[in-house]
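Residue numbers (this note's numbering): 11 to 186. Below is one structure, written out as structure tokens; the observations come after it.
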Amino acid sequence: MTIALTRPTADLFESWSAAVTEFGGMHIDGSGMTIPSSGDRATLDELITWAERVADTTIPVPEGHVHMDLYWITDGDEVVGFVSLRHELDDWLRQFGGNIGSSVRPTRRRQGYARTGLALALDRARELGLERVMVSCDDENPGSYRTIEGAGGVLENIVDATTQGHPRLRRYWIEL
């Protein structure tokens, strides 16, 4: 396996489209896309433009957003997942999101991609000068919370997130 974080690129369109399609139109954490998630060329072109804009710290981000790096977790030329690394937290992210969001495509789960993707995102957070990051996940997702805990995540609390479409959300801090 050659796992890396790769910025969105048209060069991997077919693999990205297949990965997005696996989620069946559901929201994909860390992908930078909103519901519904479509794996067509126009969506990818918009995503690439968006990713470049929100990563550029020399220009302001749109209202309600923060600067972030959007990545694909790749294994060679295959897109196996998604990671977003937010450079800072606003009120909503502090309560429900965190600095790092991620997803692994359904057919590639339980193969170490989430763990490696998170480790690579933490390396990038250190490069940005962050001293700690928040990561959250559904309370009903033991795979996610074990991954976070394995990366040094310390549970701050479990919050009611029904207004956000999640029954309960686990909020962790990872010291860098």
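Glycine included, each C-beta is placed from N, C-alpha and C at the ideal position. Every value quoted in this text rests on a predicted model; they were computed, and no experiment measured them.
### Message
Between the alpha carbons of Asp21 and Gly163, how many angstroms are there, rounded?
### Response
Cα to Cα, Asp21 sits roughly 34 angstroms from Gly163.
### Proximal residues to Leu138 (C-beta, below 7 angstroms), its chain only, five neighbours per side dropped
His97
### Message
For the beta strand (DSSP E) containing Phe92, name the first residue and the last one.
### Response
According to the DSSP assignment, Phe92 belongs to the beta strand (DSSP E) that extends over Glu88 to Arg96.
### Query
Which residue or residues does DSSP assign as beta-bridge partners of Ser112?
Val93
### Message
Run through the DSSP bridge pairs and tell me what Ala14 is partnered with.
### Response
Thr84
### Asn167 versus Arg17: straight-line alpha-carbon distance, rounded
32 angstroms
### Query
Could you give the C-beta distance for Thr12 and Asp101, rounded to a whole number, given that I count them as a contact under 8 angstroms?
Not quite, the Cβ-Cβ distance comes to about 38 angstroms (not below 8 angstroms), so this is no contact.
#### Entry: Beta carbon of Ser27 nearer than 9 angstroms to that of Glu88
no
#### Entry: Among Phe106, Glu185 and Arg134, nearest to Glu159 - alpha-carbon criterion
Ranking the options by Cα distance to Glu159, first place goes to Glu185.
#### Entry: According to DSSP, residues forming a beta bridge with Glu185
Arg142
### Message
Between Asp50, Pro72, Gln105 and His75, which has its C-alpha nearest Cys147's C-alpha?
### Response
Gln105
### Message
What does the Cβ neighbour count give for Arg115, buried or exposed, with the cut at 16 atoms within 10 Å?
### Response
Counting every other CB atom within 10 Å of its CB across the protein chains shown gives Arg115 a total of 16 or more, marking it as buried.
### Query
Hey, Met78 and Val64: beta-carbon distance below 9 angstroms or not?
yes
### Query
Is it buried or exposed for Ile38, if we count other Cβ within 10 angstroms and need 16 for buried?
buried
#### Entry: Cutoff 7 angstroms; reference Arg51; Cβ partners in own chain excluding five residues on either side
Phe23
### Task
Starting from the C-beta of Ile58, find all residues in its chain whose C-beta is less than 8 angstroms away, skip the five residues before and the five after it, and write them out in chain order.
Pro18, Thr19 and Ala20
### Whole-angstrom C-beta distance between Ile69 and Tyr123, which should lie under 8 angstroms
With 8 angstroms as the limit, Tyr123 and Ile69 do not qualify as a contact, their Cβ atoms being about 32 angstroms apart.
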